[in-house]
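Just so you know, we're using the working numbering here: the sequence shown kicks off at 901 and counts up by one. A quick write-up on the structure given underneath.
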Amino acid sequence: MIEEVVGKKVYGTWIDMLQKLVPEGITHRLAVVIAGMLRYAEIVSHEKQDKSLNARKLAEFFELSYEQIMEDDIEGILSLTEYFLKDANVSYKRFNAKGDEYSIAESAVYEFFSWENMPWKR
(Lines of atoms letter the chains of each structure in order from A and count residues from 1; the text may use other names and numbers.)
(Lines give C-alpha, C1' and ligand atoms only; values in the text may rest on other atoms or scores of the structure.)
Protein backbone atom coordinates (compact mmCIF):
# COMPACT_ATOMS: atom_id res chain seq x y z
CA MET A 1 0.00 0.00 0.00
CA ILE A 2 2.78 2.45 0.85
CA GLU A 3 4.35 2.09 -2.61
CA GLU A 4 1.06 2.96 -4.32
CA VAL A 5 0.69 6.09 -2.18
CA VAL A 6 4.20 7.55 -2.36
CA GLY A 7 4.74 6.37 -5.93
CA LYS A 8 6.99 3.76 -7.53
CA LYS A 9 9.85 6.22 -8.13
CA VAL A 10 10.01 7.44 -4.52
CA TYR A 11 9.55 3.96 -3.10
CA GLY A 12 12.21 2.59 -5.44
CA THR A 13 14.61 5.29 -4.28
CA TRP A 14 13.90 4.38 -0.65
CA ILE A 15 14.59 0.71 -1.33
CA ASP A 16 17.85 1.61 -3.08
CA MET A 17 18.86 3.87 -0.19
CA LEU A 18 18.10 1.19 2.39
CA GLN A 19 20.08 -1.41 0.47
CA LYS A 20 23.10 0.87 0.33
CA LEU A 21 22.91 2.49 3.78
CA VAL A 22 21.66 -0.17 6.19
CA PRO A 23 24.42 -2.79 5.97
CA GLU A 24 27.16 -0.41 7.15
CA GLY A 25 24.97 2.25 8.76
CA ILE A 26 24.82 3.40 12.35
CA THR A 27 21.41 2.70 13.88
CA HIS A 28 20.69 6.12 15.36
CA ARG A 29 21.36 7.73 11.98
CA LEU A 30 19.42 5.14 9.99
CA ALA A 31 16.46 5.49 12.35
CA VAL A 32 16.07 9.18 11.47
CA VAL A 33 16.27 8.47 7.73
CA ILE A 34 13.62 5.75 7.98
CA ALA A 35 11.45 7.93 10.24
CA GLY A 36 11.64 10.60 7.52
CA MET A 37 10.34 8.07 5.01
CA LEU A 38 7.42 7.29 7.31
CA ARG A 39 6.74 10.99 7.84
CA TYR A 40 6.78 11.60 4.08
CA ALA A 41 4.36 8.70 3.56
CA GLU A 42 2.08 10.15 6.23
CA ILE A 43 2.05 13.62 4.64
CA VAL A 44 1.46 12.28 1.12
CA SER A 45 -1.31 9.96 2.34
CA HIS A 46 -3.15 12.93 3.84
CA GLU A 47 -2.67 14.99 0.68
CA LYS A 48 -4.04 12.21 -1.54
CA GLN A 49 -6.71 10.73 0.72
CA ASP A 50 -9.64 12.43 -1.05
CA LYS A 51 -8.62 10.94 -4.40
CA SER A 52 -7.21 7.54 -3.48
CA LEU A 53 -8.61 4.69 -1.40
CA ASN A 54 -5.10 3.42 -0.62
CA ALA A 55 -4.03 6.88 0.52
CA ARG A 56 -7.11 7.13 2.73
CA LYS A 57 -6.36 3.73 4.26
CA LEU A 58 -2.74 4.72 4.89
CA ALA A 59 -3.77 8.06 6.41
CA GLU A 60 -6.20 6.22 8.70
CA PHE A 61 -3.44 3.76 9.55
CA PHE A 62 -1.16 6.60 10.66
CA GLU A 63 -3.97 8.16 12.72
CA LEU A 64 -4.59 4.83 14.44
CA SER A 65 -0.86 4.51 15.10
CA TYR A 66 -0.90 7.80 17.01
CA GLU A 67 -3.74 6.47 19.15
CA GLN A 68 -1.91 3.20 19.75
CA ILE A 69 1.35 4.86 20.79
CA MET A 70 -0.57 6.46 23.67
CA GLU A 71 -1.00 2.89 24.93
CA ASP A 72 2.63 1.98 24.18
CA ASP A 73 1.52 -0.14 21.23
CA ILE A 74 3.78 0.28 18.20
CA GLU A 75 3.03 -3.04 16.50
CA GLY A 76 1.08 -1.60 13.55
CA ILE A 77 3.60 0.97 12.43
CA LEU A 78 6.46 -1.36 13.35
CA SER A 79 5.02 -3.92 10.92
CA LEU A 80 4.91 -1.29 8.16
CA THR A 81 8.50 -0.27 8.88
CA GLU A 82 9.68 -3.88 8.91
CA TYR A 83 7.79 -4.47 5.65
CA PHE A 84 9.80 -1.99 3.65
CA LEU A 85 13.07 -3.03 5.29
CA LYS A 86 12.26 -6.61 4.28
CA ASP A 87 11.32 -5.34 0.82
CA ALA A 88 14.83 -3.86 0.60
CA ASN A 89 16.15 -7.26 1.70
CA VAL A 90 18.17 -5.79 4.58
CA SER A 91 18.46 -7.02 8.13
CA TYR A 92 16.93 -4.68 10.67
CA LYS A 93 17.86 -6.74 13.73
CA ARG A 94 21.23 -6.09 15.30
CA PHE A 95 23.21 -6.89 18.42
CA ASN A 96 24.95 -4.42 20.68
CA ALA A 97 28.41 -4.92 22.22
CA LYS A 98 26.84 -6.82 25.14
CA GLY A 99 25.11 -9.23 22.76
CA ASP A 100 21.60 -7.85 23.31
CA GLU A 101 19.35 -7.76 20.25
CA TYR A 102 17.76 -4.52 19.10
CA SER A 103 15.88 -3.35 16.02
CA ILE A 104 16.58 -0.54 13.57
CA ALA A 105 12.86 -0.67 12.69
CA GLU A 106 11.84 -0.11 16.30
CA SER A 107 14.30 2.77 16.67
CA ALA A 108 12.86 4.31 13.49
CA VAL A 109 9.31 4.04 14.83
CA TYR A 110 10.26 5.93 18.00
CA GLU A 111 12.02 8.58 15.90
CA PHE A 112 8.86 8.89 13.80
CA PHE A 113 6.67 9.44 16.85
CA SER A 114 9.07 12.03 18.26
CA TRP A 115 9.52 13.80 14.90
CA GLU A 116 8.14 17.12 16.16
CA ASN A 117 9.21 16.69 19.77
CA MET A 118 12.21 19.00 19.94
CA PRO A 119 13.21 20.46 23.33
CA TRP A 120 13.76 23.94 21.88
CA LYS A 121 10.16 24.02 20.61
CA ARG A 122 8.67 23.75 24.10
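Think of the CB as a built atom: it goes at the ideal place given N, C-alpha and C, for glycine as much as any other residue. Keep in mind that this is a model prediction, so the values were computed, not measured.
Open item on the list: For the pair the region 997-1015 and the region 926-940, tell me if three or more CB-CB distances fall below 8 Å.
Closed with: yes
TODO: Sort out for me which residues DSSP pairs tyrosine 940 with in a bridge.
DONE: DSSP output for tyrosine 940 lists no bridge partner at all.
Task: Under the three-state DSSP convention, the category glutamate 1011 falls into - done: helix
- [ ] Run the CB neighbour count on threonine 981, radius 10 Å, all protein chains shown included, and call it buried at 16 or more, exposed below.
- [x] buried
Task: Cβ-Cβ distance between leucine 964 and methionine 901 below 8 Å - done: no
- [ ] Could you spell out where the alpha helix (DSSP H) holding lysine 909 opens and where it closes?
- [x] 908-921
- [ ] State the Cα-Cα distance for the pair glutamate 971 and valine 910, rounded to the nearest angstrom.
- [x] 32 Å
TODO: Measure the alpha-carbon distance for leucine 921 versus serine 952 and round it to whole angstroms.
DONE: 31 Å
Task: Own chain residues within Cβ distance below 8 Å of aspartate 987, not counting five before or after - done: Ile915
Task: C-alpha gap between glutamate 942 and glycine 999, whole angstroms - done: 34 Å
Open item on the list: On the DSSP bridge list, what partners appear for tyrosine 966?
Closed with: Paired residue(s): none; tyrosine 966 is not in a bridge.
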